[in-house]
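Residue numbers (this note's numbering), protein chains in the order written: chain A, 1 to 425; chain B, 426 to 850; chain C, 851 to 1275; chain D, 1276 to 1700.
4 protein chains.
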Amino acid sequence: MDWSELVAWRRDLHRHAEPGWCEFRTSALVAARLEEWGYQVQTGAAIVAPEARMGVPSDAVLEREYRRALEWGSPEARLAPMRGGLTGVVGTLDSGRPGPTLGIRFDLDANDGLAEPDDPAHRPAREGFRSIHPSAQHSCGHDGHTAILLGVARALAGRRDWRGRLVLIFQPAEEGARGAQAMVAAGVVDGVDVLLAGHIGANAREVGQVIPGYQQFQASTKWDATILGRNAHAGIAPHLGHNALLAAATATLNLHAIARHGAGDTRVNVGTLQAGELRNSVPARAFLRLEVRGDSEETLGYMAERARQILESATAMHDCALQMERVGYTSTTPSDPDLVARIAEVARGVPGVTRVGGAPDLGAGDDAVLLMQRVQQRGGRAAYLGLGSPVGGGHHTTTFDFDEQVLTLAAELYLRLALAHLQPA
Amino acid sequence: MDWSELVAWRRDLHRHAEPGWCEFRTSALVAARLEEWGYQVQTGAAIVAPEARMGVPSDAVLEREYRRALEWGSPEARLAPMRGGLTGVVGTLDSGRPGPTLGIRFDLDANDGLAEPDDPAHRPAREGFRSIHPSAQHSCGHDGHTAILLGVARALAGRRDWRGRLVLIFQPAEEGARGAQAMVAAGVVDGVDVLLAGHIGANAREVGQVIPGYQQFQASTKWDATILGRNAHAGIAPHLGHNALLAAATATLNLHAIARHGAGDTRVNVGTLQAGELRNSVPARAFLRLEVRGDSEETLGYMAERARQILESATAMHDCALQMERVGYTSTTPSDPDLVARIAEVARGVPGVTRVGGAPDLGAGDDAVLLMQRVQQRGGRAAYLGLGSPVGGGHHTTTFDFDEQVLTLAAELYLRLALAHLQPA
Amino acid sequence: MDWSELVAWRRDLHRHAEPGWCEFRTSALVAARLEEWGYQVQTGAAIVAPEARMGVPSDAVLEREYRRALEWGSPEARLAPMRGGLTGVVGTLDSGRPGPTLGIRFDLDANDGLAEPDDPAHRPAREGFRSIHPSAQHSCGHDGHTAILLGVARALAGRRDWRGRLVLIFQPAEEGARGAQAMVAAGVVDGVDVLLAGHIGANAREVGQVIPGYQQFQASTKWDATILGRNAHAGIAPHLGHNALLAAATATLNLHAIARHGAGDTRVNVGTLQAGELRNSVPARAFLRLEVRGDSEETLGYMAERARQILESATAMHDCALQMERVGYTSTTPSDPDLVARIAEVARGVPGVTRVGGAPDLGAGDDAVLLMQRVQQRGGRAAYLGLGSPVGGGHHTTTFDFDEQVLTLAAELYLRLALAHLQPA
Amino acid sequence: MDWSELVAWRRDLHRHAEPGWCEFRTSALVAARLEEWGYQVQTGAAIVAPEARMGVPSDAVLEREYRRALEWGSPEARLAPMRGGLTGVVGTLDSGRPGPTLGIRFDLDANDGLAEPDDPAHRPAREGFRSIHPSAQHSCGHDGHTAILLGVARALAGRRDWRGRLVLIFQPAEEGARGAQAMVAAGVVDGVDVLLAGHIGANAREVGQVIPGYQQFQASTKWDATILGRNAHAGIAPHLGHNALLAAATATLNLHAIARHGAGDTRVNVGTLQAGELRNSVPARAFLRLEVRGDSEETLGYMAERARQILESATAMHDCALQMERVGYTSTTPSDPDLVARIAEVARGVPGVTRVGGAPDLGAGDDAVLLMQRVQQRGGRAAYLGLGSPVGGGHHTTTFDFDEQVLTLAAELYLRLALAHLQPA
């Protein structure tokens, strides 16, 4: 195969980084390519159920980012159906011959709130593909993911030696675990027999290593919580205040003090707290971004229930009102063992693969799990692969960087996995 | 007047210290004297409405103290009506001549939970009248108060040169602000035109000083709060616990963080907290003794409402149940200005009085206020006097001690005040 | 006197609102007028000791505001000495005849961070003098204060019937109690025998009321506190974090729980808290704006010491580092009684004055107190007056508004007070 | 073998329950039997290094319990060397033939602070062997452990068909992880080649199940912490207090909020908190019993360091002093795999054993681990077995009960294990 364009594609995507639900240019570009290669392409509400989306930015932000995509040259006709945060693409290719349906899912979005460094020590800056978006950076490798899946799309479109059906899923808003639920609700994987997903880096940190299927993910629920109290002059009449900051501080301490679960691993984090307006006024508003995690639906459910109870009680304690919005969710599911075994076998034959295997616990979460679960619940099988690469300063940091050799290796691997499932035995 | 017995009476009372609602021997002794001197004497439910009592000890404690009084030689016939914590005495003497009704109120109880020191530096120990009760000590001067009022009772009983009616009120359970409400509810002061109360020491610290009427008291509400959760093994299954200690710790911090009131002085104290059973078990029970104070019903009400809300919310936060018992309450009321002026005038004539006046803020509370308020609400007048004396290591400490010279001076003062109100002009 | 320009002056100042240490145009305008009227004018480091300034904005903000003043047409020659936040003006007029030195002090600054409403119900909007600064509004009446003092300046400059010396002090950065200390340090009031200050509204809320001298102010200390910890991924390695938010939450609760002081009134407020960066990362930074208050240096000192101890300990508890910057300070001092009596007498003669007197507790703070204290410490006398006016929605709110009739009345009053002190008896 | 006396022995021990470091009668009885059977017996400081003991009761308690043992008929000569809490017994039997040294370790102590129920539903009550100690109950099965080891001791003493040396360790004060460290320090296992320990119930809950060696224990550190502040009257002068309860509440919340460790399982529990003296006095003293746990020395060390830092900082925050006493400690170590395999093989041959295997994580801690680690560090091997039995209401509850059939089965198992190691191949 000729994988020579993968790097160029990736760098173009990297330069035009777009955060979750705002992948307008990215989606338009993917859709155009897939159509060009003969795929049936779907975008908009058909593939992301609007009500099932989580953590959607404000209308103002969506509109600003939409206009940015226009300025970046995306054709309005492509963008229109995505307006208001209906990003993502699904491309389907039918061989015309009976056979199984294979899905491959990767993600599109960049990290929000990061300004990519202009430091020559940072390769994207040095080699001229640093993000031109002021507050979005691909620091989790999704630009690479999109390039890989485009490569596989093109490669498969050029062949006639397979049967069945191919469903390529370019998911929006993986960061914050916001997008997969909407694709599940839209039925995107409902006919899929085998679903493959994966991640660059993850806990495989050398090019050449492939983890053929993770068994454990961190399930998580993420909320934005707003506590609304009442201002009062802190010198003259502090007793008239309803102190939203004291409510938030009490909640924060007690959230972190949720008892560990005897049956498994849990996490809790209040990642940000913004409270109060003036030094000398009782704070009337507090805004928290928080998340809980568990290694199972049971432990996650325990954490989520305790978190809600603590936030509600802390709010009541200070005569405030609480608004909680669930802005992210993912679960955990094992990759199917027989599928993993098959993947391992295929991986061993891919040039450049030097190690197949590694720790089967991702140690983090990915909402690909929701799509995997859906496939498994309907009788199919699914696996989530680790694609080894160094990661610079680490995922979600501004010095994140991966080794572009992983692109070719991964594209070749997914191509072979597709053929392994779709070719006549 | 012959006040020579006052010291002996006081020392006998001091030696037989009895805590609130357990002043069995003390009440029996007072009742016997009053009867002997011709007073109509009331004890039991007639003067302390059982349901209106607060902070009553457990039946076991009441019974133990009742038996102690029997062992100390009090006649069972006297004690029987007081059994179960119906202590206190009201003595009434009618002149037979039309005139006003004058009430004088003092308190009977010792401090609970103190073991009087056996240290020769401590005068009661040195001079042989240290408390023989293992956990009660008169360290607030109520032994002196009772002796003074007995002295006044005897003095007035021996005279015929007055008109109207005399009501002498020996109140139980002033410590913790537990007793006065029950006497108000029983109607003890309902016919009283002028009510006099007072305290040794208070903020007058020299013998010879008389404060003719305090204007400001600390109002307070006192609770016992029990938080009931659920145990769980802290190693194996901490998530199954409902942690009563975390609820109590959260409540304690937030109680102390109740916003100061812009319109006046407030206080809050969680005085004791006892929680948990075993090191390695999630605590299933927490018990708090707490109080709030204010300089008005408004500020006290604010504190009480906030305290309740905090305790309820902290309990709900940890899935526990809350029991709150109000075990004490007092308010604030000013002494009537014209009455205070009259008292000042009388006081200046009493031998030994060297200073009339001082800070009109008691800086603490006394539930005599509830009796004063009742009198004032029904059109009468009331005043609460400060009776100067040094106080050793301070009220409520085990090294408390007062100067017995104050007894004679105070008895003479109250006698003259009685006559000033009851004698024909 | 002709006070007809006062309203126009005030409205011009209101429209060009400038926050503390950024009163470039305001100071330039005041300086120009004073010079025009014959005053010796001082600005810059001569009147605000640079190191003694508190709560100075960042260089970037100072420069931005400096440029705004240039754009608003202030002459660069005037502005240059004030560059970098050396605002404020002192104008001195010497009669040439021996006599006392009278100081009058008012303040220049608008409230920072407020955008004045564009609502016709708000008079400044309706009548066209709404602030054109996007984030500064005169919502404490300092525009009126400046206009009053300008009026008095002009009136006195036009008379020759007085002796002694006049020192008019236009103080910067009163909001947040940031400016007076720097003027004290520069010696601005060192030769002053009598110092007059005052405030529109305060707790006098009717035009015609004059409070001839407050006796009690809230002393306060204000800090910016930054807690620096260490990020860590909240899912993968939460134990590697040093959680600045937990430190801040613990500090906030304990700050509000500082025990009330038995000897006087205190306050504490954490007005804002901003912590954390990402939902799924342990917060590495927390920023608090806080203040403590007391009714005396003793109670303020107690609060300040406790606050520091709590912040330091909470920071140490979570292995973080603490930076505390004192960004504001003021004290309390009584207005001199004989001076107050004289002011009351003069006030009664001013046309339009309908009531002289009122509550002598300001119920808030003003750093004019630091200038008053300095005068008193050096043997002079000082008084701080209340100038009655309604205040719309209240000081420091965006709907604040005062009745412009107070301008004439106040100017006439200060003029007469000046003459009363500077005219031969 | 004749195991018929095991039940009688166990019931006698159960009836005479003695808490940790107070197993005077129990140790005396064990020592007497071992001597009778020919063992060389050691007690006192030779086998428990006095300074290395943790969580030793007060002298008063030790003396009270010592006297109880005398009253229960233990010979003073036996007891004397144990006076002051030097309990425990080591019995050594040398075959006289060269060979390995086998150690078997069980524990002696009852649970402190439990009063065994007098409820016929509780078998020990119904069948007449309920504890006669008012506040100690064998509710963890150590009575059974002691009986098993006595049985094995007698059985081996009666045989000559083995070689090498036998060391039987009857450890004091396992509850609270207090005793093993002192035995390690005394060198009790220093010559041991193979060490066997075990527990009734653990996580094997059916008679007939044997877990041949746990791989994972909870390591833990236990402290008693005392926070010393200063009293003050909560109404008059709350600012003079140094509030030990606020320090303790702050510490408790933050202890429970210690971040979970990314590399393993941790626990924290403040099991009891006792603070304060009077409702209206600022608490001057708080006493906490707490513990932290981890699944490795790394995770335990992290928890212990964080706990200390939090307690120290919370104490400093409220101007108090901290006393921390480490009163318990244990670690984790895997049972040796080849030893486990051998045990499994032997177990399968024991009559009544129906299942060999089960979850290899004890889910709790046992300080036998410290003895195992010592053996392993010196080149030996060790294993800790689970001996299946139902456990009534659960370990450490007053309704704990085990099935006495486990006694015979376990004695037979340990006998066969001893012979398997000590008999010529």
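In this text, a Cβ means the ideal position worked out from N, Cα and C, and glycines have one as well.
Handout entry: DSSP beta-bridge partners of arginine 1048 of chain C
Key = Note that residue 1048 of chain C is glycine in the sequence shown, not arginine. According to DSSP, glycine 1048 of chain C bridges with C:Leu1235.
Exercise for the section: May I ask you to report which of helix, strand or coil DSSP gives histidine 667 of chain B? Expected result: strand
Problem - Span separating the alpha-carbon of threonine 755 of chain B from that of glycine 445 of chain B - result: 15 Å
Problem - Three-way DSSP call (helix, strand, coil) for leucine 764 of chain B in this model - result: Residue state, collapsed to three classes: helix.
Problem - C-beta contact flag for leucine 322 of chain A and threonine 333 of chain A at 8 Å - result: no
Practice task
Could you tell me the distance, in whole angstroms, from the CA atom of histidine 239 of chain A to the CA atom of threonine 1102 of chain C?
Solution key: Straight-line Cα distance between these residues: approximately 17 Å.
Exercise for the section: May I have a chain-ordered list of the alpha helix (DSSP H) segments no shorter than 4 residues that lie completely inside the stretch 66-133 of chain A? Expected result: 76-79, 123-126
Problem - Residue-chain proximity (glutamine 216 of chain A, chain C), Cβ-Cβ < 8 Å - result: So, not an interface residue.
Problem - Candidates D:Ile1486, D:Leu1521, D:Gly1510, D:Glu1449, of which the one nearest leucine 1503 of chain D by Cα - result: D:Leu1521
Problem - methionine 749 of chain B at chain A interface by Cβ criterion, 8 Å - result: It does not: the Cβ of methionine 749 of chain B has no partner Cβ on chain A nearer than 8 Å.
Handout entry: Cβ-Cβ distance between arginine 154 of chain A and alanine 219 of chain A below 8 Å
Key = no
Handout entry: Nearest to isoleucine 623 of chain B (by Cα), restricted to the options B:Val775, B:Glu490, B:Gly566, B:Ala674
Key = The displayed chain sequence assigns glycine, not isoleucine, to residue 623 of chain B. The option with the nearest alpha carbon to glycine 623 of chain B is B:Gly566.
Problem - Cβ contact (3+ pairs, closer than 8 Å) linking the stretch 162-169 of chain A and the stretch 93-110 of chain A - result: Yes, the stretch 162-169 of chain A touches the stretch 93-110 of chain A.
Exercise for the section: Look at the alpha carbon of leucine 1189 of chain C and the alpha carbon of arginine 585 of chain B, and state the distance between them as a whole number of angstroms. Expected result: 60 Å
Handout entry: C-alpha distance - glycine 601 of chain B paired with histidine 821 of chain B, whole-angstrom precision
Key = 11 Å
Practice task
Determine contact between the stretch 1245-1260 of chain C and the stretch 1301-1311 of chain D, defined as no fewer than three beta-carbon pairs at a distance below 8 Å.
Solution key: no
Practice task
Quick one: list the residues of chain C neighbouring alanine 407 of chain B, beta-carbon separation under 8 Å, in chain order.
Solution key: No answer is possible for residue 407 of chain B: the residues shown for chain B start at 426 and end at 850.
Handout entry: 8 Å CB neighbourhood of glycine 1244 of chain C in its chain, flanking five on each side removed
Key = Excluding positions up to five away in sequence, the list reads Phe1250.
Exercise for the section: Mind checking the stretch 1496-1529 of chain D against chain A and listing, in chain order, the residues whose C-beta falls within less than 8 Å of any C-beta there? Expected result: Leu1528, Asn1529
Handout entry: Integer-rounded CB distance, given that leucine 1361 of chain D should sit under 8 Å from glycine 1488 of chain D
Key = Glycine 1488 of chain D to leucine 1361 of chain D, Cβ: 31 Å. No contact.
Exercise for the section: Count the CB pairs spanning the stretch 1388-1399 of chain D and the stretch 1641-1654 of chain D that are closer than 8 Å, and state whether there are at least three. Expected result: Segments in contact, no.
Exercise for the section: Say whether chain C places a C-beta atom closer than 8 Å to the C-beta of glycine 379 of chain A. Expected result: no
Handout entry: the stretch 682-693 of chain B touching the stretch 265-274 of chain A, judged by at least three CB pairs closer than 8 Å
Key = no
Practice task
Return the residues of the stretch 253-284 of chain A that lie within a Cβ-Cβ distance of less than 9 Å from chain B, sorted by chain order.
Solution key: Flagged, chain order: Leu253, Asn254, Ala257, Ile258, Ala259, Arg260, His261, Gly262, Ala263, Thr266, Val282.
Problem - Given aspartate 484 of chain B as reference, the closest of B:Ala442, B:Arg555, B:Pro500, B:Met507 once Cα atoms are compared - result: B:Met507
Handout entry: CB contact below 8 Å: isoleucine 443 of chain B versus chain D
Key = The question names isoleucine, yet the displayed sequence has glutamate at residue 443 of chain B. No, glutamate 443 of chain B lies away from the interface with chain D (no Cβ there is under 8 Å from its Cβ).
Practice task
Would you kindly work out how many angstroms separate the C-alpha atoms of alanine 1512 of chain D and histidine 972 of chain C, rounded to a whole number?
Solution key: 47 Å
Exercise for the section: Specify, as a first and last residue, the run of the alpha helix (DSSP H) that arginine 875 of chain C falls within. Expected result: 874-886
Problem - As assigned by DSSP and simplified to three states, the class of arginine 1009 of chain C - result: coil
Handout entry: Cutoff 8 Å; reference alanine 1030 of chain C; Cβ partners in own chain excluding five residues on either side
Key = Closer than 8 Å at the Cβ level, and outside the excluded window around alanine 1030 of chain C, lie Gln1021, Glu1024, Thr1180, Asp1217, Ala1218, Val1219, Leu1220, Leu1221.
Practice task
Check whether the Cβ of glutamate 291 of chain A lies closer than 8 Å to any Cβ atom in chain C.
Solution key: yes
Practice task
Go to tyrosine 1179 of chain C, then tell me how far its beta strand (DSSP E) extends in each direction, as first and last residue.
Solution key: 1171-1180
Handout entry: Beta-carbon contacts of phenylalanine 1404 of chain D that lie in its chain and below 6 Å, excluding the five residues immediately before and after
Key = Arg1286, His1289, Arg1290
Handout entry: Any C-beta of chain A under 8 Å from that of aspartate 720 of chain B
Key = no
Handout entry: Proximity to alanine 650 of chain B [Cα-Cα], best of B:Arg714, B:Pro482, B:Asp427
Key = Looking at the Cα atoms, B:Arg714 is the closest of the given residues.
Exercise for the section: May I ask which residues mark the beginning and end of the alpha helix (DSSP H) holding threonine 1122 of chain C? Expected result: From DSSP, threonine 1122 of chain C is part of no alpha helix (DSSP H) but of the beta strand (DSSP E) over 1116-1125.
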